[in-house]
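Chains as they are written, first to last, in the numbering used here: chain A, 1 to 110; chain B, 1 to 111.
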Amino acid sequence: NAGVTQTPKFRILKIGQSMTLQCTQDMNHNYMYWYRQDPGMGLKLIYYSVGAGITDKGEVPNGYNVSRSTTEDFPLRLELAAPSQTSVYFCASGGNQPQHFGDGTRLSIL
Amino acid sequence: RKEVEQDPGPFNVPEGATVAFNCTYSNSASQSFFWYRQDCRKEPKLLMSVYSSGNEDGRFTAQLNRASQYISLLIRDSKLSDSATYLCVVNPTSGYSTLTFGKGTMLLVSP
Numbered sequence: 001n002a003g004v005t006q007t008p009k010f011r012i013l014k015i016g017q018s019m020t021l022q023c024t025q026d027m028n029h030n031y032m033y034w035y036r037q038d039p040g041m042g043l044k045l046i047y048y049s050v051g052a053g054i055t056d057k058g059e060v061p062n063g064y065n066v067s068r069s070t071t072e073d074f075p076l077r078l079e080l081a082a083p084s085q086t087s088v089y090f091c092a093s094g095g096n097q098p099q100h101f102g103d104g105t106r107l108s109i110l
Numbered sequence: 001r002k003e004v005e006q007d008p009g010p011f012n013v014p015e016g017a018t019v020a021f022n023c024t025y026s027n028s029a030s031q032s033f034f035w036y037r038q039d040c041r042k043e044p045k046l047l048m049s050v051y052s053s054g055n056e057d058g059r060f061t062a063q064l065n066r067a068s069q070y071i072s073l074l075i076r077d078s079k080l081s082d083s084a085t086y087l088c089v090v091n092p093t094s095g096y097s098t099l100t101f102g103k104g105t106m107l108l109v110s111p
């Protein structure tokens with residue numbers, strides 16, 4: 001009953017470093033999503049994918065990249081970390097039903 | 001007008017109270033609607049879908065008014081464990097490719 005799994009749960013980066021946030025789902029969902037949530041704010045869609053090999057920008061894609069080589073995995077890449085990217089990142093997946101979320105990655109950039 | 005707009009919070013209520021949250025959406029072509037619950041520092045979780053005829057799940061009742069582009073969530077007999085942020089969520093298309101989330105309304109239930 002894993003659902004959507006995100007790693008790592010917490011990470012501190014220095015400005016300019018890069019990292020990949022991992023997301024995997026075992027529900028065979030076609031759709032996968034990355035959101036960020038800043039303190040006291042709503043979810044903002046970064047990127048989404050409607051299937052393997054297909055990705056689309058969301059509301060706030062700048063500074064991020066994604067890939068979707070398999071149905072299960074949807075990693076999010078930060079190439080040059082900036083303080084403005086300090087946030088909680090949620091991955092979600094969905095099929096013919098509303099989205100299920102992973103438990104988040106808390107990222108701080110100092 | 002924001003795509004999905006919710007009552008500002010927080011709502012502070014005593015245990016046993018009835019509380020209602022409201023939500024309006026701007027896209028009249030929106031197809032489906034949901035309420036999610038988000039506990040502090042946790043991921044959002046689906047609470048219930050909202051159907052045109054209205055629907056109930058235990059102490060929770062959801063209503064949809066398409067003409068007014070308005071969604072509501074009623075919680076009866078509030079419990080301490082109901083304390084959370086409630087997110088109004090709208091699907092603007094017939095599939096589930098993207099959802100639009102409101103900022104949420106925080107509920108605090110006190111003893």
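Just so you know, even glycine gets a beta-carbon here, dropped at the ideal spot from N, CA and C.
Taking all protein chains in view, the Cβ of residue 32 of chain B is crowded by 16 or more other Cβ atoms within 10 Å, so the residue is classified as buried. Linking residue 51 of chain A to residue 91 of chain B through their CA atoms gives a straight-line distance of about 18 Å. Per DSSP, the unbroken beta strand (DSSP E) holding residue 48 of chain B starts and ends at 44-50.
Contacts between residue 46 of chain B and chain A, judged by CB atoms closer than 7 Å, involve 98 in chain order. Collapsing the DSSP output to three states places residue 28 of chain B in coil.
A distance below 6 Å between beta-carbons, with the five flanking residues on each side excluded, links residue 99 of chain B to the following residues of its chain, in chain order: 89, 91. Bounds of the beta strand (DSSP E) holding residue 37 of chain A are 31-37.
Using a CB distance below 7 Å, the part of the segment 83-110 of chain B facing chain A consists of 96, 97, 98, 99, 101, 102, 103, 104, ordered along the chain. When the alpha-carbon of residue 46 of chain A is set against those of A/109, A/88, A/108, the nearest one is in A/88. By DSSP's assignment, residue 44 of chain A forms a beta bridge with A/36.
For residue 106 of chain A, the closest alpha carbon among the candidates A/3, A/9, A/4 is that of A/9.
For residue 17 of chain B, DSSP records no beta bridge to any residue. Think of a sphere of 9 Å around the beta carbon of residue 3 of chain B: no beta carbon from chain A falls inside it, the nearest being about 10 Å out.
For residue 69 of chain A, same chain residues with a beta-carbon under 7 Å away, outside a window of 5 residues either side, are 52 in chain order.
Contact with chain A is absent for residue 11 of chain B, since none of that chain's Cβ atoms lies less than 9 Å from the residue's Cβ. The Cβ atoms of residue 36 of chain B and residue 87 of chain B lie closer than 9 Å to each other.
For residue 103 of chain A, a Cβ of chain B is located within less than 9 Å of the residue's own Cβ. The three-state reading of DSSP puts residue 13 of chain A in strand, counting E and B together. Residue 34 of chain B reaches chain A at 98, counting residues in chain order whose Cβ is nearer than 7 Å. Judged by DSSP in its simplified three-state form, residue 110 of chain A adopts coil rather than helix or strand. Within the same chain, Cβ atoms closer than 6 Å to the Cβ of residue 11 of chain A are found at 107, the five residues on either side in sequence being excluded.
For residue 57 of chain B, same chain residues with a beta-carbon under 7 Å away, outside a window of 5 residues either side, are 48 in chain order. For residue 73 of chain B, the secondary structure class from DSSP, reduced to helix, strand or coil, is strand.
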